[in-house]
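*Asks:*
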Amino acid sequence: MLPNNWEAYSTAAFAELVGVIIERYLDPEQQFIVVGHSMGCSILATLLGAGNPEISERCAGFVGICPKAELSDKEKKQRDLITTLPRIVFDTYRFLDRRGGVDSPSVKRFVSPSSPKTIREYQLLINERSRTPTALRVLKGFITPDPEAWRNIQCPILLVTAQHDHATPPANADTIAGYFSSLNQERKSRFKQVDLPDAGHGVLYEKYHHVCHVVAEFFTRFVSEQLSMAWQLEMLKEGKWILKNEKKWMMTSSVSGRIGTTMFKAMKTLRQNDPIHNPQAFIEANPDVSHIVDISFEDPPYIPSSFDGSHITYHKYSTKSKLPPTLDQVSLFISLIDSILEQHPLPPNPTTGLIAVHCHYGFNRTGLFICSYLIEKLGYPVQAAIDAFKEARYPGIRHAHFIDELFVRYDSGSTGIRRAPTF
Numbered sequence: 001m002l003p004n005n006w007e008a009y010s011t012a013a014f015a016e017l018v019g020v021i022i023e024r025y026l027d028p029e030q031q032f033i034v035v036g037h038s039m040g041c042s043i044l045a046t047l048l049g050a051g052n053p054e055i056s057e058r059c060a061g062f063v064g065i066c067p068k069a070e071l072s073d074k075e076k077k078q079r080d081l082i083t084t085l086p087r088i089v090f091d092t093y094r095f096l097d098r099r100g101g102v103d104s105p106s107v108k109r110f111v112s113p114s115s116p117k118t119i120r121e122y123q124l125l126i127n128e129r130s131r132t133p134t135a136l137r138v139l140k141g142f143i144t145p146d147p148e149a150w151r152n153i154q155c156p157i158l159l160v161t162a163q164h165d166h167a168t169p170p171a172n173a174d175t176i177a178g179y180f181s182s183l184n185q186e187r188k189s190r191f192k193q194v195d196l197p198d199a200g201h202g203v204l205y206e207k208y209h210h211v212c213h214v215v216a217e218f219f220t221r222f223v224s225e226q227l228s229m230a231w232q233l234e235m236l237k238e239g240k241w242i243l244k245n246e247k248k249w250m251m252t253s254s255v256s257g258r259i260g261t262t263m264f265k266a267m268k269t270l271r272q273n274d275p276i277h278n279p280q281a282f283i284e285a286n287p288d289v290s291h292i293v294d295i296s297f298e299d300p301p302y303i304p305s306s307f308d309g310s311h312i313t314y315h316k317y318s319t320k321s322k323l324p325p326t327l328d329q330v331s332l333f334i335s336l337i338d339s340i341l342e343q344h345p346l347p348p349n350p351t352t353g354l355i356a357v358h359c360h361y362g363f364n365r366t367g368l369f370i371c372s373y374l375i376e377k378l379g380y381p382v383q384a385a386i387d388a389f390k391e392a393r394y395p396g397i398r399h400a401h402f403i404d405e406l407f408v409r410y411d412s413g414s415t416g417i418r419r420a421p422t423f
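The sequence shown: position 397 = 397 (the UniProt record's numbering), numbered continuously.
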């Protein structure tokens, strides 16, 4: 169908198009996962619930974000009215709806009340760039899959909703969940729900760290462990000290500047026989550092007793790489830092008596631990802590799932994430 054909914009036509893409670009036996938002959920559910085994049996997982369960009679009448209006009338309505800019009804309809100005500006830009002819065609052709189509989906399903979603309220996911109530326990156990607080229909860009976290967790637990970032980093990693990694270590900056106005520095691990970054050279080059906290799991490639008799005290706190440190591990790290400061008090904005923390390269685990301390003990907002670490030790925390973890743990409202009991 040609783009000017209204039928080309129907939910069924979009579902057919996705099916063609899968068949054209994937191998016949290749599995895939799908993620849809809003109308995209209906498109994917229509495709997977159509009963085509060549498609449905190859789908390993389906994530639907802000799904629509069904159109009420009132919504159908509104749709029919809007799509029959002259275009100039609809354009006028859209213009009036955008009055007020970032505080206009057109923006408030899609984002949470507490969304920052940058998010509101982005939403306004999306609204302004949405073309009326396309919007009317999509609206005219939109239908929701019937309950049987949802029940025909065989793969694990995760539905993500947003607390302040006015376009597709969270109750829609509850309705879809009801479609599965008559199925056996094994099928029901593969249907999960997560409700994200303090977010609207634009949750993909309002709370993208949180969305990434719950989607990654779902795929890891219910699709394949190999989709876990931690698994990939662990299984595809290079050895710590083989020659091909030695160059990477040597190219990494040795020690950061002070992180913000705090007592922390971040560093890569020392090596006993390195001509530049060894214990003795570190002692001489860093008179402002009084403590080293080694958070690497293995014995360090240097001799900790090298610091005996110097102005630096060595502390060991073993943690494993690749996985974000747990809340308990963070709590113990904070207790260790507090005990150091209790024995060696520091003034505000200290320039001596600093604490240098290292894992292997001094970015991911080191960054998460230091940022956690900044957030929990020093009152930093999440993004401010991440930015302070990045400014001192560029490029900052490299693993996206570590950053996601910080937002999920500490971002305002995140503790209110509502999950299905088994998720």
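The C-beta atom is built at its ideal place from N, Cα and C for all residues, glycine as well.
Which residues does DSSP list as the beta-bridge partners of residue 267?
*Replies:* Position 267 of the sequence shown holds residue 267. In DSSP, residue 267 forms a bridge with 255 and 358.
*Asks:* Looking at C-alpha atoms only, which residue of 332, 112, 181 and 118 is the closest neighbour of residue 293?
*Replies:* Sequence index remark: in the sequence shown, residue 293 carries index 293 (1-based). Measuring from the Cα of residue 293, the nearest candidate turns out to be 332.
*Asks:* Measuring alpha carbon to alpha carbon, tell me which of 81, 278, 146 and 365 ends up nearest residue 320.
*Replies:* Along the sequence shown, one-based indexing puts residue 320 at 320. Residue 320 has its Cα closest to that of 365, out of 81, 278, 146 and 365.
*Asks:* Going straight from the alpha carbon of residue 125 to that of residue 359, what length do you get?
*Replies:* Stepping through the sequence shown from its first residue, residue 125 is reached at position 125. Stepping through the sequence shown from its first residue, residue 359 is reached at position 359. Each residue's alpha carbon lies about 42 Å from the other.
*Asks:* Taking residue 227 as the reference, which of 80, 32 and 107 has the closest Cα?
*Replies:* For this step, residue 227 is matched to residue 227 along the sequence shown. Ranking 80, 32 and 107 by Cα distance to residue 227 puts 32 first.
*Asks:* Is residue 40 helix, strand or coil when you go by DSSP?
*Replies:* Locating residue 40 in the sequence shown gives position 40, counting from the first residue. Residue 40: helix per DSSP, three-state reduction.
*Asks:* With respect to the beta strand (DSSP E) encompassing residue 59, which residues constitute its N-terminal and C-terminal limits?
*Replies:* Taking the sequence shown and counting its residues from 1, the one referred to as residue 59 is at position 59. Counting along the chain, the beta strand (DSSP E) containing residue 59 begins and ends at 59 to 65.
*Asks:* In whole angstroms, what is the alpha-carbon distance linking residue 53 and residue 15?
*Replies:* Taking the sequence shown and counting its residues from 1, the one referred to as residue 53 is at position 53. Taking the sequence shown and counting its residues from 1, the one referred to as residue 15 is at position 15. Looking at the two C-alpha atoms, the distance is approximately 15 Å.
*Asks:* Within its chain, find whatever has a CB closer than 7 Å to the CB of residue 10; leave out the 5 residues flanking it on each side and keep chain order.
*Replies:* Residue mapping note: residue 10 aligns to position 10 of the sequence shown, counting from 1. Answer for residue 10: 141, listed in chain order.
*Asks:* Check this for me: beta carbons of residue 315 and residue 336, under 8 Å apart or not?
*Replies:* One-based indexing of the sequence shown puts residue 315 at position 315. One-based indexing of the sequence shown puts residue 336 at position 336. Cβ atoms of residue 315 and residue 336: closer than 8 Å.
*Asks:* May I have a chain-ordered list of the alpha helix (DSSP H) segments no shorter than 4 residues that lie completely inside the region 45 to 99?
*Replies:* The region 45 to 99 contains these whole alpha helix (DSSP H) runs: 53 to 56, 73 to 82 and 87 to 97.
*Asks:* Would residue 239 be called buried (16 or more neighbouring beta carbons within 10 Å of its own) or exposed?
*Replies:* For the purposes of this step, residue 239 is identified with residue 239 of the sequence shown, where counting begins at 1. Its pLDDT being 47, under 50, residue 239 is placed unreliably in this model, and the value from its coordinates should be taken loosely. It is exposed - the Cβ of residue 239 has fewer than 16 other Cβ atoms within 10 Å.
*Asks:* Using the Cβ count rule (16 or more neighbours within 10 Å means buried), how would you classify residue 67?
*Replies:* As a working mapping, residue 67 is identified with position 67 in the sequence shown. Burial call: buried.
*Asks:* When the Cα of residue 128 is compared with those of 148, 91, 410 and 154, which residue comes out closest?
*Replies:* On the sequence shown, position 128 is the one that residue 128 refers to. That would be 91, whose Cα lies nearest to the Cα of residue 128.
*Asks:* Which full runs of the beta strand (DSSP E) of 3+ residues lie inside the region 306 to 344, going along the chain?
*Replies:* Listed in chain order, the complete beta strand (DSSP E) runs (minimum 3 residues) inside the region 306 to 344 are 313 to 316.
*Asks:* Near residue 229, what residues of its chain come up, given a Cβ to Cβ distance below 6 Å and the 5 sequence neighbours on each side ignored?
*Replies:* Position 229 of the sequence shown holds residue 229. So the list reads 401, once near-sequence residues are dropped.
*Asks:* Ordered along the chain, which non-local residues of its own chain (more than five positions away) have a Cβ less than 6 Å from that of residue 256?
*Replies:* For the purposes of this step, residue 256 is taken as residue 256 along the sequence shown, with counting starting at 1. Excluding residues within five positions, the ones whose Cβ falls inside 6 Å are 265, 266, 392 and 393.
*Asks:* Tell me, please, whether the region 84 to 102 touches the region 35 to 53 by the rule of three or more beta-carbon pairs shorter than 8 Å.
*Replies:* The region 84 to 102 is not in contact with the region 35 to 53.
*Asks:* Here's the rule: buried if 16 or more other CB atoms are within 10 angstroms of the residue's CB, otherwise exposed. What is residue 318?
*Replies:* The residue you call residue 318 lines up with position 318 of the sequence shown. When all chains shown are included, residue 318 counts as exposed.
*Asks:* In whole angstroms, what is the alpha-carbon distance linking residue 426 and residue 164?
*Replies:* Since the displayed the chain opens at 1 and closes at 423, residue 426 lies outside it and no answer follows.
*Asks:* Can the beta-carbon of residue 65 be found closer than 8 Å to that of residue 204?
*Replies:* Here residue 65 refers to the residue found at position 65 of the sequence shown. Here residue 204 refers to the residue found at position 204 of the sequence shown. A contact, by the Cβ cut-off of 8 Å.
*Asks:* Decide if residue 81 is buried, meaning its Cβ has at least 16 other Cβ atoms within 10 Å, or exposed.
*Replies:* Start at 1 with the first residue of the sequence shown, and residue 81 comes out as number 81. Exposed is the call here.
*Asks:* Helix, strand or coil for residue 134 per DSSP?
*Replies:* The count along the sequence shown starts at 1 and reaches residue 134 at position 134. Helix.
*Asks:* Would you check if the distance between the CB atom of residue 202 and the CB atom of residue 119 is smaller than 8 Å?
*Replies:* Counting from 1 along the sequence shown, the entry for residue 202 is found at position 202. Counting from 1 along the sequence shown, the entry for residue 119 is found at position 119. It is a contact, given that the beta carbons lie within the stated cut-off.
*Asks:* Indicate the three-state DSSP secondary structure (helix, strand or coil) for residue 111 in the structure shown.
*Replies:* What you label residue 111 is simply residue 111 of the sequence shown in a count that begins at 1. DSSP places residue 111 in coil when its eight states are reduced to three.
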